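J.: Residue numbers (our numbering), protein chains in the order written: chain A, 1 to 208; chain B, 1001 to 1208. Think of the CB as a built atom: it goes at the ideal place given N, C-alpha and C, for glycine as much as any other residue. Note that the structure is predicted; figures quoted are calculated from it, not measured. Please find one structure pasted underneath; my questions will follow.
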DNA sequence: ACACATAGATAGCGAGCACTCGCTTTCTAT
DNA sequence: ATAGAAAGCGAGTGCTCGCTATCTATGTGT
């Protein structure tokens, strides 16, 4: 039970509290929303003082922007994992969509949406978020090219991605249940299946 | 230039300021967002005092819920107007989708989305909004039945509606430009066209 | 060992918030 | 005409917020 007198370098301490703050911000945004993600709430969640927060981030907005960039890489990685699956049959595509839905409902994506909504009413935040936004979109497109690039014309890649992710995002917004990871519901399940059928039949597989 | 000494009944005055407040709330929500829609801001927009607001609405939340019900009827009406169009060819469906997109980007719908997002983090608001939410969804489904009921199986009505409106809602959330009514953009235009093609080919027209 | 720089904690400030209260103005019933 | 009710007003109240000033603790170069 001896309290380990961990000898940490300054850089370690710095990095430790910074990631603690970023993770705490993700948690707060996901379960309380943008408005209730006050600096005090984040500090309580991270287990540090407000003084510590404002040492590393000049303003609340800077913390939020840093958090956006923090989760953006995670989001791309999670999206990339769906690439592994085959996309030959309707069942394949449907399963990819179901997997994508779970990814879109994850806290990291919820964080991203929360910040985007707040940015609509906050011009400063909007411009501060723009680079991360464009970077994320480009990376998503690159991943989509890996997934579907061989199956559909290059010009249709972005539009199809737009249909799919916007539909899933819209779905995420209209989900207000306390547990967003709950069962998809009959209508949603059927809607995803329908979308899969439409995509597959619209882009018939080339005989390999 | 004589100031008309309008003789108004009490009920007239009451109704007048109430609708002024509701319309002002719609405006504030649409152009400033939920957080910045303070009672002071709404009163300034409506041209009444805070005392007047709190005479008619016990809390800010009551005002917001009343506003939600206020716009819900408008939203259904705007949605219903799209029913008039034919949906025979791909061009017809594409035009309906384009029209729907404009409707979804309107201030009334923006108001509704703003409240839904706020409700995710506010359990009280969520339950207060639930009846209006269910009513709106039922009415939308009824209108959709008028539009597409003859073209697709009854069980597919709700899922198709889900795909379409969730995609448009997701699109609305990702639009951060100062002028949301601006040109749709190449990708969006193509995405809507694609969706129209998919729907029409998936539900081929019966020979009349 | 010691001076210094960096990290973290705490108390507090001014602004803005939802909401209240005492008051005046405007309509209504008798 | 007049009493009473309803509508409207705006200064004030307590509270929370982002942020700062000040202090202590801890690691770092010499």
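Would you mind reading off the limits of the alpha helix (DSSP H) that contains residue 156 of chain A?
T.: The residue given as residue 156 of chain A occupies position 156 in the first chain. Start and end: 154 to 174.
J.: Which word fits residue 110 of chain A, buried or exposed, when buried means at least 16 other C-beta atoms lie within 10 angstroms of its C-beta?
T.: As a working mapping, residue 110 of chain A is identified with position 110 in the first chain. Flag for residue 110 of chain A reads buried.
J.: Report the residue from B:1188, B:1133, B:1174, B:1185 whose alpha carbon sits nearest the alpha carbon of residue 1071 of chain B.
T.: Sequence index remark: in the second chain, residue 1071 of chain B carries index 71 (1-based). When only C-alpha atoms are compared, the closest one is B:1133.
J.: Do the segment 1158 to 1167 of chain B and the segment 165 to 178 of chain A make contact, defined as three or more Cβ pairs closer than 8 Å?
T.: yes
J.: Nearest CA to the CA of residue 27 of chain A: which residue from A:88, A:102, A:64?
T.: For the purposes of this step, residue 27 of chain A is taken as residue 27 along the first chain, with counting starting at 1. Among A:88, A:102, A:64, the Cα nearest to that of residue 27 of chain A belongs to A:64.
J.: Helix, strand or coil for residue 205 of chain A per DSSP?
T.: Mapped onto the first chain, residue 205 of chain A falls at position 205. DSSP, read as helix, strand or coil, puts residue 205 of chain A in coil.
J.: For the segment 46 to 54 of chain A against the segment 14 to 31 of chain A, do three or more pairs of beta-carbon atoms, one drawn from each stretch, fall closer than 8 Å, so that the two count as touching?
T.: yes
J.: Using a 10 Å radius around the Cβ and a threshold of 16 neighbouring Cβ atoms, would you call residue 1201 of chain B buried or exposed?
T.: Numbered from its first residue, the second chain carries residue 1201 of chain B at position 201. By the 10 Å Cβ count, residue 1201 of chain B comes out exposed.
J.: Look at the alpha carbon of residue 102 of chain A and the alpha carbon of residue 1013 of chain B, and state the distance between them as a whole number of angstroms.
T.: On the first chain, residue 102 of chain A is found 102 positions in, with the first residue counted as 1. On the second chain, residue 1013 of chain B is found 13 positions in, with the first residue counted as 1. Cα-Cα distance, rounded: 51 Å.
J.: Measure the C-alpha to C-alpha separation of residue 198 of chain A and residue 1198 of chain B and round it to an integer number of angstroms.
T.: For the purposes of this step, residue 198 of chain A is taken as the residue at position 198 of the first chain. For the purposes of this step, residue 1198 of chain B is taken as the residue at position 198 of the second chain. Their backbone Cα atoms lie some 6 Å apart in a straight line.
J.: Over the uninterrupted alpha helix (DSSP H) stretch that includes residue 48 of chain A, give me the two end residues.
T.: Within the first chain, residue 48 of chain A is the residue found at index 48, counting from 1. That residue, residue 48 of chain A, is in no alpha helix (DSSP H); it is neither H nor E in DSSP.
J.: Using 8 Å for Cβ pairs, my map puts residue 62 of chain A next to residue 21 of chain A. What's the rounded Cβ distance?
T.: Translated into the one-based positions of the first chain, residue 62 of chain A becomes position 62. Translated into the one-based positions of the first chain, residue 21 of chain A becomes position 21. The pair is not a contact, with the Cβ atoms about 11 Å apart (cut-off 8 Å).
J.: In terms of residues, what are the limits of the alpha helix (DSSP H) holding residue 105 of chain A?
T.: As a working note, residue 105 of chain A is residue 105 in the first chain. Judged by DSSP secondary structure, residue 105 of chain A falls outside any alpha helix (DSSP H); it is assigned neither H nor E.
J.: Residues of chain A with a CB under 7 Å from the CB of residue 1120 of chain B: which are they?
T.: As a first step, residue 1120 of chain B must be located in the second chain, where it is residue number 120. Those within 7 Å of residue 1120 of chain B in chain A are 33, 176.
J.: Taking contact to mean at least 3 C-beta pairs separated by less than 8 Å, is the segment 25 to 41 of chain A in contact with the segment 1112 to 1127 of chain B?
T.: yes
J.: Once the 5 residues before and after residue 1196 of chain B are set aside, which same chain residues still bring their CB inside 6 Å of it?
T.: Position 196 of the second chain, counted from the first residue, corresponds to residue 1196 of chain B. Taken in chain order, the residues that qualify are 1090, 1093, 1094, 1097.
J.: When you compare only the Cα positions, how much space is there between residue 84 of chain A and residue 157 of chain A?
T.: Reading the first chain from its first residue, position 84 is the one you call residue 84 of chain A. Reading the first chain from its first residue, position 157 is the one you call residue 157 of chain A. If you take the alpha carbons of residue 84 of chain A and residue 157 of chain A, they lie about 18 Å apart.
J.: Use the C-beta contact count for residue 81 of chain A: other C-beta atoms within 10 angstroms, 16 or more gives buried, fewer gives exposed.
T.: On the first chain, position 81 is the one that residue 81 of chain A refers to. By the 10 Å Cβ count, residue 81 of chain A comes out exposed.
J.: Would you list, in chain order, the members of the segment 90 to 111 of chain A that have their beta-carbon closer than 7 Å to a beta-carbon of chain B?
T.: none
J.: Please state whether DSSP places residue 4 of chain A in a helix, a strand or coil.
T.: Here the question's residue 4 of chain A lines up with position 4 in the first chain. The pLDDT assigned to residue 4 of chain A is 39, lower than 50, so where the model puts this residue is not dependable; a value taken from the coordinates is nonetheless given after this. Three-state result, residue 4 of chain A: coil.
J.: Pop quiz: residue 1203 of chain B and residue 1152 of chain B are said to be a contact at Cβ under 8 Å. What is the actual Cβ separation, rounded to whole angstroms?
T.: Translated into the one-based positions of the second chain, residue 1203 of chain B becomes position 203. Translated into the one-based positions of the second chain, residue 1152 of chain B becomes position 152. Contact check for residue 1203 of chain B and residue 1152 of chain B: beta-carbon distance about 5 Å, within the 8 Å limit, so the pair qualifies.
J.: Please state if the CB of residue 1139 of chain B and the CB of residue 1076 of chain B are separated by a distance shorter than 8 Å.
T.: The residue you call residue 1076 of chain B lines up with position 76 of the second chain. The residue you call residue 1139 of chain B lines up with position 139 of the second chain. Closer than 8 Å, so yes.
J.: If you measure between the beta carbons of residue 1129 of chain B and residue 1115 of chain B, is that distance less than 8 Å?
T.: Translated into the one-based positions of the second chain, residue 1129 of chain B becomes position 129. Translated into the one-based positions of the second chain, residue 1115 of chain B becomes position 115. For residue 1129 of chain B and residue 1115 of chain B, yes; Cβs fall inside 8 Å.
J.: Mind listing which residues of the segment 153 to 173 of chain A have their C-beta closer than 9 Å to chain B's C-betas, in chain order?
T.: 155, 156, 158, 159, 160, 161, 162, 163, 164, 165, 166, 167, 168, 169, 170, 171, 172, 173
J.: Assign residue 159 of chain A to buried or exposed, taking buried as 16 or more other Cβ atoms, counted over all protein chains shown, within 10 Å of its Cβ.
T.: The count along the first chain starts at 1 and reaches residue 159 of chain A at position 159. Buried, by the Cβ-count rule.
J.: So if I threshold CB-CB distances at 9 Å, which residues from the segment 1182 to 1197 of chain B count as touching chain A?
T.: 1186, 1187, 1188, 1189, 1190, 1191, 1192, 1193, 1194, 1195, 1197
J.: Confirm, please, whether the CB-CB distance from residue 1078 of chain B to residue 1108 of chain B is below 8 Å.
T.: Numbered from 1 along the second chain, position 108 holds the residue referred to as residue 1108 of chain B. Numbered from 1 along the second chain, position 78 holds the residue referred to as residue 1078 of chain B. Cβ atoms of residue 1108 of chain B and residue 1078 of chain B: closer than 8 Å.
J.: Could you have a look at residue 37 of chain A and say whether DSSP puts it in helix, strand or coil?
T.: Against the first chain, residue 37 of chain A aligns to sequence position 37. Of the three classes helix, strand and coil, the one that applies to residue 37 of chain A here is coil, per DSSP.
J.: Identify the contact partners of residue 1117 of chain B in chain A, using a Cβ-Cβ distance below 7 Å as the criterion.
T.: Taking the second chain and counting its residues from 1, the one referred to as residue 1117 of chain B is at position 117. Going along chain A in sequence order, the residues near residue 1117 of chain B (Cβ under 7 Å) are 117, 173.
J.: Let's test the definition: count the other Cβ atoms within 10 Å of the Cβ of residue 67 of chain A and tell me whether it reaches 16, buried, or not, exposed.
T.: As a first step, residue 67 of chain A is located in the first chain; it is residue number 67 there, counting from the start. Residue 67 of chain A is buried by the Cβ-count criterion.
J.: Which residues in chain A have a C-beta closer than 9 Å to the C-beta of residue 1201 of chain B? List them in chain order.
T.: Translated into the one-based positions of the second chain, residue 1201 of chain B becomes position 201. Those are 198, 201, 202, listed as they occur along chain A.
J.: Just how far apart, CA to CA, sit residue 1074 of chain B and residue 1127 of chain B?
T.: Here residue 1074 of chain B refers to the residue found at position 74 of the second chain. Here residue 1127 of chain B refers to the residue found at position 127 of the second chain. Cα-Cα distance, rounded: 21 Å.
J.: From residue 150 of chain A to residue 1086 of chain B, what distance separates their C-alpha atoms?
T.: The count along the first chain starts at 1 and reaches residue 150 of chain A at position 150. The count along the second chain starts at 1 and reaches residue 1086 of chain B at position 86. Their Cα atoms are separated by approximately 36 Å.
J.: Note down, in chain order, each residue of its chain lying with its Cβ closer than 8 Å to the Cβ of residue 1135 of chain B, except the 5 sequence neighbours on either side.
T.: The residue labelled residue 1135 of chain B in the question sits at position 135 within the second chain. Setting aside the 5 residues that flank it on each side, residue 1135 of chain B is surrounded in the same chain by 1072, each with a C-beta closer than 8 Å to its C-beta; the list follows chain order.
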